[in-house]
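With our numbering applied, the sequence shown has no gaps in its numbers, which climb one by one up to 230 at the end.
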Amino acid sequence: MNNDQIKSVSSHVLPPLPYADNALSPVISANTIGFHYGKHHKGYVDNLNKWVAGTEFADLPLEKIITKTAGKADKAPIFNNAAQTWNHTFYWRSLKPKGGGELPAALKLKITASFGSVDACRKELSTAAIAQFGSGWVWLVQDGDKLKVVKTANADLPLTTGMKPLLTIDVWEHAYYLDYQNPRADYVNAVLDKLINWDFAAENLV
Ligand code: MN
């Protein structure tokens, strides 16, 4: 295999959305998805491929690129685009049409053990998402035996601190501004009530 073939094999691709672009409407419109998935997410993937081309990161899997560039100022463009590629793929899978509702038993048990109740966990996710100053993400994570809610700024993600992400909500303005304008709380609460994919979170438990 020559170098060109290796590059084309290992270049990062935008994964397909797990549902139609209008499937999350009216909580998240097809218009928002069009920009968020079609422009922002695609942009991170395209930029990642440009930044890693010809570097020591060119042939590494996405998670390796993220952990190897985290916290290194001179690698920030690679980290940011790699992490945002990962975060968005994880975000789309954290949502589903007709989400919210009842939790799988194993997840409910873990959440109750860590937060006291599902409601308390939901409230902590919502509070953290609203409190995140500026762009970022809110996450339900598994940290050892315990489940926690954490928020991260910009492209940062729990992978770099050894915690296992279970689900995420994107709180960058591009995630909600077309549909909700400034009230981030309305977006976050609608996502938690109507779209959040508890089955996906349960699948991620270790
Ligand atoms: Mn986003």
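Where is the CB? At the ideal position from N, CA and C, for every residue including glycine. Just so we're clear, the structure is a prediction, and the values are computed from it rather than from any experiment.
So the candidates are the options; which of them puts its Cα closest to the Cα of residue i?
| i | options | result |
| --- | --- | --- |
| T109 | D217, V142 and H64 | H64 |
| K218 | N228, N206 and I193 | I193 |
| N178 | E126, P39, Y68 and Y61 | Y68 |
| M187 | N213, N206, A129 and N228 | N228 |
| D167 | Q205, P128 and I135 | I135 |
| G158 | G124, P207 and K170 | P207 |
| Y211 | K170, L119, T185 and A130 | L119 |
| A144 | T185, L216 and K74 | L216 |
| P85 | H36, K66, N46 and K96 | H36 |
| T4 | Q205, Y204, V230 and T185 | Any property of residue 4 remains undetermined from this structure, which presents the chain solely from 25 to 230. |
| V235 | D169, E148 and N46 | Outside the shown range of the chain, which is 25 to 230, sits residue 235, and nothing can be said about it. |
| P246 | E126, A54, T56 and G62 | Absent from the structure is residue 246, since the part of the chain shown begins at 25 and ends at 230. |
| Q205 | T56, D45 and Y43 | T56 |
What is the DSSP secondary structure of residue i, reduced to helix, strand or coil?
| i | result |
| --- | --- |
| T151 | helix |
| V165 | strand |
| T176 | strand |
| K96 | coil |
| A226 | helix |
| G160 | strand |
| I52 | coil |
| K74 | helix |
| I220 | strand |
| A214 | helix |
| D28 | Unreliable positioning characterises D28 in this predicted model, as indicated by a pLDDT of 47, which lies under 50. A coordinate reading is not provided. |
| K122 | coil |
| T192 | strand |
| L171 | strand |
| A130 | helix |
| N206 | coil |
| H36 | coil |
| F59 | helix |
| Y115 | helix |
| S138 | helix |
Give me the Cβ distance between residue i and residue j, rounded to the nearest whole Å; I'm assuming they're in contact under 8 Å.
| i | j | result |
| --- | --- | --- |
| N111 | L181 | 6 Å |
| L272 | A225 | In the structure as shown, the chain starts at 25 and stops at 230, and residue 272 therefore has no counterpart that could be examined. |
| L183 | E87 | 7 Å |
| A106 | I90 | 5 Å |
| L191 | I220 | 7 Å |
| P121 | L48 | 6 Å |
| A214 | V51 | 5 Å |
| L38 | K74 | Contact doesn't hold; Cβ gap of about 14 Å is too wide. |
Handout entry: Inter-stretch contact (C-beta, 8 Å, three-pair minimum) for the region 196 to 208 and the region 95 to 106
Key = no
Practice task
For the region 170 to 187 and the region 148 to 159, state whether three or more C-beta atom pairs, one from each stretch, are separated by less than 8 Å.
Solution key: yes
Practice task
Specify which residues have a beta carbon nearer than 6 Å to any heavy atom of the ligand MN, listing them in chain order.
Solution key: H60, H64, H112, D194, W196, H198 and A199
Practice task
Would you be able to state if there are at least three C-beta pairs under 8 Å between the region 134 to 144 and the region 112 to 123?
Solution key: no
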